[in-house]
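>
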Amino acid sequence: MKMTFLGTNGWYSTDTGNTPCVLVDTEKYYIVFDAGDGIHKLDDYIKADKPIYLFLSHFHMEHIGGLHMLSKFRFKQGIHIYGQKGTRDILKCVIAHPFTCPANALPTKLTIRELSEGLHRIPFRVTCRKLLHSDPCFGYRIELDGKVITYCTDTGICNNSLLLAKNADVLIHDCAENSKERTPKWQHSIPSEAATIAKSANAKQLVLFHFSAALYKSIAERKEAEKEARLIFKNTIAAVDGMRLDV
Numbered sequence: 204m205k206m207t208f209l210g211t212n213g214w215y216s217t218d219t220g221n222t223p224c225v226l227v228d229t230e231k232y233y234i235v236f237d238a239g240d241g242i243h244k245l246d247d248y249i250k251a252d253k254p255i256y257l258f259l260s261h262f263h264m265e266h267i268g269g270l271h272m273l274s275k276f277r278f279k280q281g282i283h284i285y286g287q288k289g290t291r292d293i294l295k296c297v298i299a300h301p302f303t304c305p306a307n308a309l310p311t312k313l314t315i316r317e318l319s320e321g322l323h324r325i326p327f328r329v330t331c332r333k334l335l336h337s338d339p340c341f342g343y344r345i346e347l348d349g350k351v352i353t354y355c356t357d358t359g360i361c362n363n364s365l366l367l368a369k370n371a372d373v374l375i376h377d378c379a380e381n382s383k384e385r386t387p388k389w390q391h392s393i394p395s396e397a398a399t400i401a402k403s404a405n406a407k408q409l410v411l412f413h414f415s416a417a418l419y420k421s422i423a424e425r426k427e428a429e430k431e432a433r434l435i436f437k438n439t440i441a442a443v444d445g446m447r448l449d450v
């Protein structure tokens with residue numbers, strides 16, 4: 204199983220990276236987390252005809268803005284898009300005129316499904332839980348190929364992220380803020396908080412992700428966040444665009 208980080212910024216793209224998108228290449232499937240503008244790189248990595256599953260965490264623009272790039276793809280297998288209740292109506296509006304090419308005119312067929320909180324088999328095991336954020340946001344736990352991948356972007360510290368991360372092989376966790384500058388009403392995490400979740404959940408590896416473009420203006424600042432988190436959870440790495448992990 205290979206994981207490629209196509210976009211690791213929060214809020215907007217800068218020289219440090221694009222907005223959120225993560226590709227997981229498994230034995231039988233491609234799994235994609237979020238559709239920030241990092242998604243434009245997807246066809247650089249998807250070469251096989253394996254089914255593609257795209258999981259949207261929520262509808263803030265940096266997580267769905269890349270959907271307007273779907274017209275560049277020529278995936279014969281189509282893309283299965285999953286999200287929380289309301290996903291169909293929102294995407295029906297966003298993937299349409301006057302914003303972009305409408306879904307029914309795309310070269311790649313889209314299938315949109317909505318998920319409730321809890322465990323689903325689609326056909327692999329996916330658990331969805333609401334995170335602590337300013338607007339409804341799903342975290343995901345994917346179980347397949349004998350591995351567990353947990354994706355918790357855009358969240359403050361909450362019990363649901365802990366449950367999703369339990370014994371995960373990789374926990375991808377929000378690190379949008381730092382201890383000097385917090386925005387409590389938006390609900391995000393700092394490095395020490397993400398590390399505490401990883402340690403409490405007995406995760407094997409923590410990947411800090413979704414770095415606010417306004418607060419983390421350089422890769423060096425991300426490395427400082429990594430060092431801070433490692434004081435609590437040693438096996439921590441700060442994500443950067445293009446980073447690849449073997450799981």
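Take any residue in the sequence shown, note its place counting from 1, add 203, and you have its number in the working numbering. Backbone N, C-alpha and C define an ideal beta-carbon position, used for all residues, glycine too. As the structure is a prediction and not an experimental result, all values here were calculated from the model.
1. DSSP on R277, reduced to helix/strand/coil?
2. Which value, in whole angstroms, describes the spacing of the CA atoms of P394 and I282?
3. Where does G269 fall in DSSP's three states?
4. Run through the DSSP bridge pairs and tell me what C355 is partnered with.
5. What does DSSP give as the partner residue(s) for T439 in the beta ladder?
6. From the DSSP output, which residues share a beta bridge with K333?
7. Judging by CA-CA distance, which residue of L434, F236 and S319 is the nearest neighbour of Y354?
8. In the structure shown, what three-state DSSP assignment does M264 receive?
9. In the structure shown, what three-state DSSP assignment does C296 receive?
10. In the DSSP assignment, find the unbroken beta strand (DSSP E) run with K205 in it and report its ends.
11. Quick check on the DSSP output: the alpha helix (DSSP H) that includes I249 runs from which residue to which?
12. Note down, in chain order, each residue of its chain lying with its Cβ closer than 6 Å to the Cβ of Y215, except the 5 sequence neighbours on either side.
13. Can you tell me the Cα-Cα spacing of D252 and S403, whole angstroms?
14. Over what stretch of residues does the alpha helix (DSSP H) that includes I422 continue unbroken?
15. Determine the contact status of A398 and F414, defining contact as a CB-CB distance below 9 Å.
16. If we count the other Cβ atoms within 10 Å of its Cβ and call it buried at 16 or more, is S382 buried or exposed?
17. Using 9 Å as the threshold, is the C-beta distance between T303 and H336 below it?
18. Taking all protein chains shown into account, do 16 or more other C-beta atoms lie within 10 angstroms of the C-beta of N221, making it buried, or fewer, making it exposed?
By the coordinates alone:
1. coil
2. 33 Å
3. helix
4. H376
5. According to DSSP, which records beta bridges pairwise, T439 is partnered with L409.
6. F341
7. F236
8. helix
9. helix
10. K205 to G210
11. From DSSP, I249 is part of no alpha helix (DSSP H); its letter is neither H nor E.
12. Answer for Y215: A416, listed in chain order.
13. 38 Å
14. I422 to R433
15. Contact flag unset, no.
16. Residue environment for S382: exposed (fewer than 16 other C-beta atoms within 10 angstroms of its C-beta).
17. no
18. buried
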